[in-house]
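Just below is one structure, and these are the notes that go with it.
There are 2 protein chains.
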Amino acid sequence: MSYLDHISSPTLLIDEKITRANIKRMAEKAKKHGKELVPHWKTAQSHEIGNWAKEYGIKQITVSSIKMAAYLCGQGWENIHIAFPFNIRETSKLNELAKDQSLSVQIVNPVTAKTLASKLTNPVGFFIEIDAGYGRTGVNVSDFGTIEEIMRISKTSDKLTFKGFYLHPGHTYYMPNKDEIYDQSRKALQMLKLKYQTEFPKLATRIGDTPGCAVMDEFGDVDQLGPGNFVFFDLMQAELGSCSKEDIAVCLAVPVVDIQKERKEILVHGGGVHLAKDVLVDAQGNKNFGEVVALHENGWSILPERSYLKSISQEHGVIKASDSLINSVQIGDLLGILPIHSCMTADCMGAYLSLDGKWIDHAEGK
Amino acid sequence: MSYLDHISSPTLLIDEKITRANIKRMAEKAKKHGKELVPHWKTAQSHEIGNWAKEYGIKQITVSSIKMAAYLCGQGWENIHIAFPFNIRETSKLNELAKDQSLSVQIVNPVTAKTLASKLTNPVGFFIEIDAGYGRTGVNVSDFGTIEEIMRISKTSDKLTFKGFYLHPGHTYYMPNKDEIYDQSRKALQMLKLKYQTEFPKLATRIGDTPGCAVMDEFGDVDQLGPGNFVFFDLMQAELGSCSKEDIAVCLAVPVVDIQKERKEILVHGGGVHLAKDVLVDAQGNKNFGEVVALHENGWSILPERSYLKSISQEHGVIKASDSLINSVQIGDLLGILPIHSCMTADCMGAYLSLDGKWIDHAEGK
C-alpha cells in the first residue's frame, strides 16, 4: 500500500525528509553564526514536527496566537513566545497557561503593559516589538518615550519580565532591496541593545522572517533568529529566492474530476478552502494559485514542463496544463499542487499525511 | 451577560433575525415565481441553520463536496445534491452515504458516468452540469454528443437516474451585463429541456448563483433556483447590488490590540486564517478586506463613517479608521468586521456564536 491509496479527497502531503533538511540547514546556519534559532511555529503548528525540530537543537518556539500556544503547551518547549501584540481580553487564559509552561508575549503599548503588570498571577516574559519600517505593528524604533514607559510599568510587577526586542521585517517579502532592509533592521536592534543593555544586561534581540534568514549571511550582533516558513517553504519563497522548488516540503494532493483537452485545462477538487487564496501574479498579469507536481510512490517530483492553477473558487481548481500533462492525465488521477503560501494551506487543511501513510497533527480551531 | 462577554479571541457572530429574513425573502421570491428553492448549503454548512431554513419550506439542499454531504446526512433533507463534478475516487463513500440518504451528483463526462453506472450499489440521481459561457466546469451547452453519451451510459444502470441540467453562471460575479448572462443561461436550459423532455418527462433545470437570483425577476421556465450566499450575503454581494450592507448576517468580532492615532490605524487580531483573503479593490487600487461595524448588546450597526481593513496577514488585520472611530476606540475593545466573502469566512471559522450567546454548528474538516 502506498500513501496514495489513502487519498480520495484533497489531502495535504508532507515529505519528512525535505522538512528535516530545511530545519537542519537553518539550525546549522544559526549555529555557525552563533545565534539561537527560535522558529515561528505558526507554519507547522504541530507536535510531531516539533519533535523532529528538537532533534536539531531547537528548544524554544514562537506562535502567533494564544490558542496556538495552548495547543503546543506541555510538549517540552523551554519557552513558547506569542509573537502578536498581546490581546488583554486573553489575560486570564494567559495566567492559566503560564502555570505550567514558560511563556512570553509581545507588548507594543503601555495600556497592555499596565493590564499585564496588574493582572498576571504567574511569571511571563515579554519582548517589545519594534517597527523599523514595515509599518504593520510595533513601537517605532525611535519612540524611546513609549519603549521606556513600557519598561517602567513592567518594573512595577514581579511577574512581568522584560526579555528584549523583537523585530519582524515583513517588508522583505515585497521589496527588492532586502539587504538594505536587513541592514536597517539589524542597526535598529543594535542601537536599542546598546542603549538599554546596561539596565537590562540579559536583553536579547530577535529578528524573524524567512526571506531574510534564508538569504542573508551576516546577522551582526542580533542574538536570535525567528523565521517560520522555512520549515516547509512554498512558491512565494521560491519566487523570492529563499529556496528552490525542490525544497518545498508540503504539497496538496488533488483528484482530477474533468479534462478539457482543447482548452488544455484540468479541473481538480482543490480550491480556496484547501489552499487559501494566496496568489502570485506575473508581469503579464497571469495568476498562479499553485503549481502541479507528479505524485509517485516515494513522494513527488517537479515536472519538466510547467502546469499551474490558473483559477480557484471555494472547492474548484482549474489547471492550465502543459502539452505533456494534458496528454497523459486521466480522470480519477491524483496530482500534487505546490502551495503559494504553505502556512495558510496548512492552516486550512488542519492535518498532514506523511509519505508512509501516517497522519501528522496540526492545531485545530481559530 | 451579553454575547460579547463570551468573546476574547476572533469569533464569527451570526444574527439569526437577518439570516431568517434573507432565507424568507428568497423562499417567497421562488414561490411567487413557482420555482423550487434548493439553496447551496456550502455557505452555511450547518444543521441548526438548516432547521431554520426548513421553517420556510426548504426541503432539499446542495453541497459542494462529499464530506459536506456526509455532515448533512440524516438531518431530514429530502435530497442532498453534490454540485461538484463527481470525483470517482469517492465512489465507495457515495455508496455508503446513499444507503440512508437520497443523494444526487453532478456528471460532466462519460468516464465518470461509466464508473458510477458500473459501481453504484444504491440509487443516486445525477444532473448534467452545463457550461453556457462561465468556462469553469460543465459540458458545453451545444455538445450534444457528450450529453447524450452520458444519458446513454446512465440507462445501462438501474441505480443511476438522470434528474436534469444544472447551470452555475458564476460569471455574473464579474460581468456588468448580468441580465444578458441570465438570459443566455435561461435560454440554454430551456433549449435543453425542450430537446430532451420527451425522453425524460421529469427532467428539471436548476440555476444557481446569488447575484442572479437576488436581482433578477424573470426566471423563464427554469424549475429550481440554487443560490447559496444569500443566506448570509457579504460585502462582495453588496458591491454587486444583490443586497444592502444591513442584510449581511455574519460578522467577525475582533479584539483591538493596538492603536496608531497619527496614522489613523487600528491593529486587530483578525487575519487571513479567520476571514480568508478575499478582497475588494476600488478604482484607485485600494484594497478592502472587510468593513468595520459597531458591536453592541443586540448585535451590530453600520457606522456612519466608513472604516475598513486595509491589509491582513495570517493573524493581523490593520484597520484604516475614520476620525470618529480613531477618537473613540480603546485597546481591548471588540469591533465587528463584515466579511468580503462570507462562505470562505464561515469555512475558516468553523462555528458561529449567536447574539444570545449560543454556539451554532458548522461542518468541520476538508
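Chains A and B, in that order, give the protein sequences. Position one of the first sequence corresponds to residue 0 (numbering that gives the first Met the number 0), numbered consecutively onward. Position one of the second sequence corresponds to residue 0 (numbering that gives the first Met the number 0), numbered consecutively onward. No residue lacks a Cβ here, since even glycine has one placed at the ideal position from N, Cα and C.
Considering only residues of the same chain and omitting the five flanking positions on each side of His170 (chain B), which have a CB-CB separation below 7 Å? Taking the first residue of the second sequence as 1, we reach residue 170 (chain B) at position 171. Result list for His170 (chain B): Gly132, Tyr133 and Ile180, in chain order.
Using 9 Å as the threshold, is the C-beta distance between Ala252 (chain A) and Ile339 (chain A) below it? Position 253 of the first sequence holds residue 252 (chain A). Position 340 of the first sequence holds residue 339 (chain A). In this structure, Ile339 (chain A) does not lie closer than 9 Å to Ala252 (chain A) by Cβ.
Relative to the alpha-carbon of Ile265 (chain A), which residue among A:Ser241, A:Asp332 and A:Ile301 has its alpha-carbon at the smallest distance? Numbered from 1 along the first sequence, position 266 holds the residue referred to as residue 265 (chain A). Selected option, being the one with the closest Cα: A:Asp332.
Can you say whether Arg262 (chain A) is buried or exposed, counting buried as having 16 or more other CB atoms within 10 angstroms of its CB? Counted from its first residue, the first sequence places residue 262 (chain A) at position 263. It is exposed - the Cβ of Arg262 (chain A) has fewer than 16 other Cβ atoms within 10 Å.
Return the Cβ separation of Arg185 (chain B) and Gly225 (chain B) in integer angstroms, given the expectation that the two are a contact with Cβ distance under 8 Å. Reading the second sequence from its first residue, position 186 is the one you call residue 185 (chain B). Reading the second sequence from its first residue, position 226 is the one you call residue 225 (chain B). The Cβ separation is near 14 Å, so there is no contact.
Compute the distance between the beta-carbons of Ile13 (chain A) and Tyr307 (chain A), then report whether it is under 9 Å. What you label residue 13 (chain A) is simply residue 14 of the first sequence in a count that begins at 1. What you label residue 307 (chain A) is simply residue 308 of the first sequence in a count that begins at 1. Cβ distance not < 9 Å, so Ile13 (chain A) and Tyr307 (chain A) don't count as in contact.
Counterpart residues of Leu36 (chain B) in DSSP-defined beta bridges: Here residue 36 (chain B) refers to the residue found at position 37 of the second sequence. Partner(s): B:Leu224.
What residues from chain B crowd round Glu89 (chain A), counting only those whose CB sits closer than 7 Å? Numbered from 1 along the first sequence, position 90 holds the residue referred to as residue 89 (chain A). Within chain B, the residues near Glu89 (chain A) are Ser7 and Ser8.
Which word fits Pro303 (chain B), buried or exposed, when buried means at least 16 other C-beta atoms lie within 10 angstroms of its C-beta? On the second sequence, position 304 is the one that residue 303 (chain B) refers to. Answer is exposed; the Cβ neighbour count stays below 16.
Would you give the residue range spanned by the beta strand (DSSP E) that Val403 (chain A) belongs to? In the structure as shown, chain A begins at 0 and stops at 365. Residue 403 (chain A) is therefore absent and cannot be evaluated.
For a cutoff of 9 Å on Cβ pairs, would you count Ala282 (chain B) as touching chain A? Within the second sequence, residue 282 (chain B) is the residue found at index 283, counting from 1. No, Ala282 (chain B) does not count as interfacial toward chain A.
Contact the segment 36-46 of chain B vs the segment 342-349 of chain B: 3+ CB pairs below 8 Å: yes
Mind checking the segment 324-346 of chain A against chain B and listing, in chain order, the residues whose C-beta falls within less than 7 Å of any C-beta there? Ile330, Gly331, Cys342, Met343 and Asp346
Give me the subset of the segment 252-286 of chain A whose CB atoms are less than 7 Å from a CB atom of chain B, sorted by chain position. Pro254, Val256, Asp257, Leu266, His268, Gly271, Val272, His273, Ala275, Lys276 and Asp277
Using 9 Å as the limit for Cβ to Cβ distance, is Glu314 (chain A) near chain B? Reading the first sequence from its first residue, position 315 is the one you call residue 314 (chain A). Yes, because at least one Cβ of chain B sits closer than 9 Å to the Cβ of Glu314 (chain A).
Give the straight-line distance between the Cα atoms of Met67 (chain B) and His361 (chain B), rounded to the nearest whole angstrom. Taking the second sequence and counting its residues from 1, the one referred to as residue 67 (chain B) is at position 68. Taking the second sequence and counting its residues from 1, the one referred to as residue 361 (chain B) is at position 362. Rounded to whole angstroms, Met67 (chain B) to His361 (chain B) spans 10 Å at the Cα level.
First and last residue of the uninterrupted alpha helix (DSSP H) at Pro210 (chain B): Numbered from 1 along the second sequence, position 211 holds the residue referred to as residue 210 (chain B). Run containing Pro210 (chain B): Thr209 to Val214, per the alpha helix (DSSP H) assignment.
Is the Cβ of Thr136 (chain B) closer than 9 Å to any Cβ of chain A? Counting from one through the second sequence, the residue named residue 136 (chain B) turns up at place 137. Yes, Thr136 (chain B) counts as interfacial toward chain A.
Specify, as a first and last residue, the run of the alpha helix (DSSP H) that Gly144 (chain B) falls within. Along the second sequence, read from residue 1 onward, the residue named residue 144 (chain B) stands at position 145. It spans Phe143 to Ser153 - the alpha helix (DSSP H) in which Gly144 (chain B) sits, taken as one unbroken run.
With C-beta atoms as the reference, is Leu418 (chain A) less than 9 Å away from Phe161 (chain A)? What is shown of chain A runs 0 to 365, which leaves residue 418 (chain A) out entirely.
Buried versus exposed, by CB contacts within 10 Å (16 or more), Ala282 (chain A): Against the first sequence, residue 282 (chain A) aligns to sequence position 283. The residue in question, Ala282 (chain A), is exposed, as its Cβ has fewer than 16 Cβ neighbours within 10 Å.
From Ser101 (chain B) to Phe125 (chain B), what distance separates their C-alpha atoms? Translated into positions along the second sequence, residue 101 (chain B) becomes position 102. Translated into positions along the second sequence, residue 125 (chain B) becomes position 126. Rounded to whole angstroms, Ser101 (chain B) to Phe125 (chain B) spans 11 Å at the Cα level.
Quick one: is Arg151 (chain B) buried, meaning 16 or more other Cβ sit within 10 Å of its Cβ, or exposed? Translated into positions along the second sequence, residue 151 (chain B) becomes position 152. That one is exposed.
Please confirm if the segment 88-108 of chain A is in contact with the segment 51-67 of chain A, defined as three or more CB-CB distances below 8 Å between the two stretches. yes
Taking the Cβ atom as the reference point for each residue, do Leu188 (chain B) and Ile129 (chain B) lie within a distance shorter than 9 Å? By 1-based counting over the second sequence, the position of residue 188 (chain B) is 189. By 1-based counting over the second sequence, the position of residue 129 (chain B) is 130. Contact: yes.
Does Lys114 (chain B) get closer than 9 Å to chain A when you measure Cβ to Cβ? Counting from one through the second sequence, the residue named residue 114 (chain B) turns up at place 115. Per the sequence shown, residue 114 (chain B) should be read as Thr rather than Lys. Interface residue, yes.
Using DSSP bridges, identify the partner residues of Thr10 (chain A). Start at 1 with the first residue of the first sequence, and residue 10 (chain A) comes out as number 11. Paired residue(s): A:Ala252.
If contact means a Cβ-Cβ distance below 8 Å, which residues of the segment 74-87 of chain A contact chain B? Phe83, Pro84, Phe85, Asn86 and Ile87
Chain B residues whose Cβ lies nearer than 9 Å to that of Thr111 (chain A): Mapped onto the first sequence, residue 111 (chain A) falls at position 112. Chain B residues near Thr111 (chain A): Val256, Asp257, Ile330 and Gly331.
Taking the continuous alpha helix (DSSP H) assigned at Arg135 (chain B), which residues delimit it? In the second sequence, counting from the first residue as 1, residue 135 (chain B) sits at position 136. It is not in any alpha helix (DSSP H) - Arg135 (chain B) carries neither H nor E in the DSSP assignment.
Within the 9 Å Cβ cut-off, does Ile149 (chain B) reach chain A? Within the second sequence, residue 149 (chain B) is the residue found at index 150, counting from 1. No, its Cβ sits nowhere closer than 9 Å to a Cβ of chain A.
Which term fits Phe232 (chain B), buried or exposed, when burial requires 16 or more other beta carbons within 10 angstroms of its beta carbon? Along the second sequence, read from residue 1 onward, the residue named residue 232 (chain B) stands at position 233. With 16 or more other Cβ atoms within 10 Å, it is buried.
Arg305 (chain B): first and last residue of the uninterrupted alpha helix (DSSP H) it sits in: Locating residue 305 (chain B) in the second sequence gives position 306, counting from the first residue. Counting along the chain, Arg305 (chain B) falls outside any alpha helix (DSSP H), and DSSP gives it neither H nor E.
Taking the alpha-carbon of Gly240 (chain B) as reference, which of B:Thr209, B:Val221, B:Thr18 and B:Asp257 has the nearest alpha-carbon? For the purposes of this step, residue 240 (chain B) is identified with residue 241 of the second sequence, where counting begins at 1. That would be B:Thr209, whose Cα lies nearest to the Cα of Gly240 (chain B).
How far does the alpha helix (DSSP H) with Val414 (chain A) in it reach, from first residue to last? This structure leaves residue 414 (chain A) out entirely; chain A is present only between 0 and 365.
To the nearest whole angstrom, what separates the beta carbons of His295 (chain B) and Ser8 (chain B), a pair I think is in contact under 8 Å? The residue labelled residue 295 (chain B) in the question sits at position 296 within the second sequence. The residue labelled residue 8 (chain B) in the question sits at position 9 within the second sequence. Between Ser8 (chain B) and His295 (chain B) the Cβ distance is about 20 Å, and since that is not below 8 Å, they are no contact.
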